[in-house]
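Residue numbers (numbering that gives the first Met the number 0), protein chains in the order written: chain C, 0 to 326; chain Z, 0 to 326; chain P, 0 to 326; chain G, 0 to 326.
For glycine and all other residues, C-beta sits at the position ideal for the given N, C-alpha and C.
Number of protein chains: 4
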Amino acid sequence: MDTAIFGAGRIGKIHAGNLVRQNGVRLKYVVDPDAAAASALAAQHGAGVSSIEAVFADRAIRAVVIASSTDTHADLIERAAASGKAIFCEKPVDLSLARARECAAAVKRAGVPCLIGFQRRYDPTFAAARARIDAGEIGDPEMLIVTSRDPGTPPLEYLKRSGGIFKDMLIHDFDIFRWILGDEAATLHATGSCLTDPNVASVGDVDATAVTIRTRSGRLAQINTIRRAAYGYDQRFEVIGAKGMLQAGNHRPTEVAAWTGQSVSFDKPEYFFLERYRVAYALEMAHFFEALASGKPVKTSIEDGVKALELAEAATVSWRERRIVEF
Amino acid sequence: MDTAIFGAGRIGKIHAGNLVRQNGVRLKYVVDPDAAAASALAAQHGAGVSSIEAVFADRAIRAVVIASSTDTHADLIERAAASGKAIFCEKPVDLSLARARECAAAVKRAGVPCLIGFQRRYDPTFAAARARIDAGEIGDPEMLIVTSRDPGTPPLEYLKRSGGIFKDMLIHDFDIFRWILGDEAATLHATGSCLTDPNVASVGDVDATAVTIRTRSGRLAQINTIRRAAYGYDQRFEVIGAKGMLQAGNHRPTEVAAWTGQSVSFDKPEYFFLERYRVAYALEMAHFFEALASGKPVKTSIEDGVKALELAEAATVSWRERRIVEF
Amino acid sequence: MDTAIFGAGRIGKIHAGNLVRQNGVRLKYVVDPDAAAASALAAQHGAGVSSIEAVFADRAIRAVVIASSTDTHADLIERAAASGKAIFCEKPVDLSLARARECAAAVKRAGVPCLIGFQRRYDPTFAAARARIDAGEIGDPEMLIVTSRDPGTPPLEYLKRSGGIFKDMLIHDFDIFRWILGDEAATLHATGSCLTDPNVASVGDVDATAVTIRTRSGRLAQINTIRRAAYGYDQRFEVIGAKGMLQAGNHRPTEVAAWTGQSVSFDKPEYFFLERYRVAYALEMAHFFEALASGKPVKTSIEDGVKALELAEAATVSWRERRIVEF
Amino acid sequence: MDTAIFGAGRIGKIHAGNLVRQNGVRLKYVVDPDAAAASALAAQHGAGVSSIEAVFADRAIRAVVIASSTDTHADLIERAAASGKAIFCEKPVDLSLARARECAAAVKRAGVPCLIGFQRRYDPTFAAARARIDAGEIGDPEMLIVTSRDPGTPPLEYLKRSGGIFKDMLIHDFDIFRWILGDEAATLHATGSCLTDPNVASVGDVDATAVTIRTRSGRLAQINTIRRAAYGYDQRFEVIGAKGMLQAGNHRPTEVAAWTGQSVSFDKPEYFFLERYRVAYALEMAHFFEALASGKPVKTSIEDGVKALELAEAATVSWRERRIVEF
């Protein structure tokens, strides 16, 4: 199957590397406004450099991977849908909820498969937790606590264009919430602070948040995030049911323990998302092509993308207007 | 030093056992409306059975331990203050905030030492976490996540008289919040659900809560509680600062690990508060008498009791009225 | 029941403190060549200072605790046996195997209860491991690995009188071996080195050992010891059966974890035997008086003391003569 | 660089998969007596099926990977050395120490690079432990405890041709011993038993061993092995120095923890060597080609292969003749 990738940056490279390992899949084109980046990635995988127009004009291209900047996602999704190509798109669909909904409608009309890159659902630890919930190990899930911390606050330039912490960072956590509890929000409360860098406030954002969601059936979820954890990337959740609790924990680079006169110490967690979700990205791509081959729906649909964005928008409102949002 | 104890029930026995181990301290009287319980406890420690009046009339009694039912605390505190006796009182001061404030005023006027039984502050793990924060190990504390789960939902009869989950169960967590962050609440949001037993709703209470507090200086705290954790008593917190995170974890009865064809498993946590805080209760009592001897203030004052109650009352309002409470 | 204790040193204080907490037990006499130590301990527990002769002459004394120096154990055991008093004796029975056997014979003739202080069997973690083996959790135990490390090499003066590392330090590990595998040695190989302090060789001893025992039924055990572990007292074992493995691990003072830019760290183990086995010593003393009350045999008999000494002597021979010892 | 692989079985597939991911490396030939296996593996990687003769006759082949049955290793090493090709050979060099020494001599004469597949040295956890020892974290290493357990006893047919447990299974542990302590054996004691399957004795082997090595400088090492651990593959070591201890632990498939009414449980270790050392095999192959490119020596040389075999042979003698072997 011939494919093309939009975006030859950090995440584009990851996806391209995983894509070419799929049986029967060929990376035909790489598209990126940065010609040097496009060439380098294309050369690495025996692909050609191309343009958006050429990709959509090529009927042999059956699937596209959208790993370009966020503001290009919606257009590319719509064009791919219009030309009947299967879509693998990095999150978020768009920073505008209205625009994301248009994309979802376009995908639905076109009937093309469309996977949104909520890669955490493919992580072996997170997926095992979900599978064990499904198997009834803790009974019906009742409460969820999500911990989501980044190793460092990004530059202000990045933050200005990010859509705010709720859309940029918590979008994943909102997806985890929906996926693990299997329920939708009834009310949401969000608050936040600038704790790691006072300049964050100057761009109208916060760098730490505390979110509480109550679902339609009364389940409770809390999400805590911060942009800077000194010990790196902290990605955990725990879910409680009548029969017990499941915790999904961090991964460590090695299993060395040091016993000294000071303490017993272990590795801190894997540094950031490229390390922590390396396997998840590979499994996500494999799932995409398996879904194409089998005709089964993808696990992380564009509807999931829209729903997570709805929560992110509600959280932004709750934080800005200091009120509880009801759905 | 001669002392008396009010209450010969479960917690009274714990306190009496710790009291008689203090050097130079004698348990002279046990008072309890249940004569058999009073006699048994008195006999165990070589004390006499007495009455409220007789205790306060005995000038030799220098300190009293109030471990009787919650509705008696306020009166006993005021009488002890009026008669110049040092006070060790189980939490809460009272279910009424106004009444608790009267007690605090009475204690202040009398100038007697008054320790309120927030025993968690004396727990070796919790106290070590606080000491390491004070030593600057993680920098200034910025965010706090408190997990507080009980092994089982109590009988409805208990719940009816409990003052509600926020005053009965989270009172401790509100104290932990103030103690660890060293800050006061600016806004508070609380929600809750009946997740473990639908009958809890019939007495106007919930059995699971999610609370978020933003402090005056912008620090964030989240508290999650549930009345029934299948694995027992779950008492953890984690606190983040610019230099790292400290976690205070559960204690296990033994350090046996079993590696089998199914899993690698460890003991679940110690069962409930009598087990988990056994050492904390002993250290709390020792601290009380050390404070009396040295004349230094007690670590958990009646003002702390009032402050925690203020938060519990605000949380009750936030939950009932579905609104954010501002202080 | 009236009792006396011989020895008012470090371990004597521990035993005295535990003894006086037993219901119906009174510490009547403290005996120690150091008059000041004897007086202080006696005063603390309302006992009197006495002499060996006076203790054995007092018919009211029903049990004695022998916590004096090792070279006095055998004589005191024999005198106690001769006068029909129950015996609680610190390990070892004696440094001479022949002398220890005489003591065992004397105890047997007299028919008095005699508990030897292998306190590790009473430790909650170790005892739970054994109970779970007995319950069949891992099937028949096949292999045992014992790790036994002290926080620091003792002074040479101590080592000179210690009987050597195998009798002084590994005596406990040999008892664990017999207790956990429920089997006796067929062959034993021991080797050792001076790794922590070259002066240890000058007193004809080693400070690190590696012992392998093959039992009559073919089970295998390995013991590794060292006198100085930088991180403190390391007391672990693991035992394998057809159905899995049980590990008995170290205890930590607190359950605080610190996540920093360097590592995730926990407390190092409790410092030394007084901390690690505090609960074990209390349970050991309680067991002694329960056994006296019930007439049931003690769990750690003088025969166990003799058997452990046989292994220690064999290990000494194996190390010195560089040969495998067959039993 | 053109390469060939001998052996298209389980381990051959692993090595072929890693080989083709090296930059500038082409798998030209696959050789295996099982034609179907050879064809399948060749087809997967775009290689051709060939013969031993053809491989050595092809001057374009610069490196060979020997992943065929043990009894073919020595001949293939000698032929590769004679034809000047770089060698990557699975352990062991040969079951005969004399034959292995001949191979080492042939490699030395030819001056070709020769990596022996002690893949554990490339494992991230094991390699990190070694690097931290080299960095002085625990001071000079003094004692080493190696735990090495397989998930199941292999069929008797396998055992008959295996060379015995010391050459088949402990060969890796002997290499770890030399690598971690950086020292050579002075004396060795080995014993063993049939604990998992009495039929193992019928082929003159044991399925559980306990080995002790004392090095020239007095360091101590203990190795414990068993062919069947109910919980899977157990690969740990711990090494002690004056400043502390480093432990290299098992890896888990996921980081899910389950807290239930029974216990707190984690995944058991990754199942067997293909899972546990998946990354190690990849890094080993990368190291081989980096060494070829840089001209630097390989980390696991044929001399290391001979040395480990010497220890395995000594252990076999010690066990069979029930005596301590001196080097």
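- Fully contained in the stretch 110-136 of chain G are the following beta strand (DSSP E) runs of length 3 or more, in chain order: 113-115.
- In the structure shown, the three-state DSSP call for TYR232/C is coil.
- No Cβ-Cβ contact shorter than 8 Å links ALA85/P with ARG177/P.
- Sixteen is the threshold: when 16 or more other Cβ atoms of the shown chains lie within 10 Å of the Cβ of ALA207/G, as they do, the residue is buried.
- The DSSP-derived three-state label of ILE144/G is strand.
- The stretch 290-307 of chain Z makes contact with the stretch 174-193 of chain Z; the number of CB pairs closer than 8 Å reaches 3 or more.
- Looking from the CA of THR253/Z, the closest CA among LYS267/P, ALA241/P, TRP258/P, ARG275/P belongs to ARG275/P.
- Contacts between MET244/Z and chain P, judged by CB atoms closer than 7 Å, involve TRP258 in chain order.
- The beta carbon of GLU325/C is closer than 6 Å to those of THR186 in its chain, skipping five residues each way along the sequence.
- Any Cβ of chain Z closer than 8 Å to the Cβ of PHE271/G would place that residue at the interface, and such an atom is absent.
- Only buried fits PRO140/C, as 16 or more other CB atoms lie within 10 angstroms of its CB.
- Against chain P, the CB of ARG131/Z has a partner CB under 8 Å away; the residue lies at that interface.
- Counting only unbroken stretches of 3 or more residues, the beta strand (DSSP E) elements lying wholly within the stretch 32-93 of chain Z are 60-65, 85-89, in sequence order.
- Around the CB of LEU169/P, 16 or more other CB atoms lie within 10 Å, so the residue is classed as buried.
- Annotated three-state conformation of LYS27/P is strand, per DSSP.
- For the pair PHE117/G and ILE65/G, the CB atoms are not nearer than the 8 Å cut-off.
- In the structure shown, GLU309/G adopts helical secondary structure according to DSSP, grouped into three states.
- Under the three-state reduction of DSSP output, ALA220/P falls in the strand class.
- Separation of LYS166/C and GLY231/Z (C-alpha to C-alpha, rounded to the nearest whole angstrom) is 37 Å.
- The shortest CA-to-CA distance from PHE173/Z to any of GLY23/Z, ILE137/Z, THR146/Z is the one to THR146/Z.
- In the three-state scheme derived from DSSP, where H, G and I count as helix and E and B as strand, GLY203/C is classed as coil.
- Secondary structure note for LEU18/Z: its alpha helix (DSSP H) is the uninterrupted segment 9-18.
- Judged by their CB atoms, VAL202/G and TRP318/G are not nearer to each other than the 8 Å cut-off.
- Of all residues in the stretch 216-232 of chain P, those with a C-beta nearer than 9 Å to a C-beta of chain C are ALA228, ALA229, TYR230, GLY231, reading in chain order.
- Along the stretch 176-206 of chain G, the positions whose C-beta sits under 8 Å from a C-beta of chain P are THR186, HIS188, THR190, GLY191, SER192, CYS193, LEU194, THR195, read in chain order.
- Per the DSSP secondary-structure output, ASP167/P pairs with nothing in a beta bridge.
- Inter-residue distance for ARG213/G and ILE225/P is about 14 Å (C-alpha atoms, whole angstroms).
- Less than 8 Å divides the Cβ of ALA3/Z from the Cβ of SER49/Z.
- When THR315/P, LYS90/P, VAL305/P, LEU273/P are compared, the shortest CA-CA separation from GLY16/P is found for LEU273/P.
- Going by DSSP, SER192/Z is part of the beta strand (DSSP E) stretching over 184-192.
- Counting C-beta pairs closer than 8 Å gives three or more between the stretch 25-36 of chain C and the stretch 46-60 of chain C, which meets the contact rule.
- Non-local beta-carbon contacts of ALA279/P in its own chain, meaning distances under 7 Å to residues more than five positions away in sequence, involve GLN118, ARG119, TYR121, ASP122 in chain order.
- For LYS242/Z, the closest C-alpha among the options ALA257/P, GLY240/P, ARG251/P, LEU245/P is that of ALA257/P.
- Any Cβ of chain P closer than 8 Å to the Cβ of THR211/G would place that residue at the interface, and such an atom is present.
- Rounded to the nearest whole angstrom, the C-alpha separation of ALA104/G and LEU114/G is 14 Å.
- If you look at ALA257/G, you'll find it in the beta strand (DSSP E) that goes 255-259.
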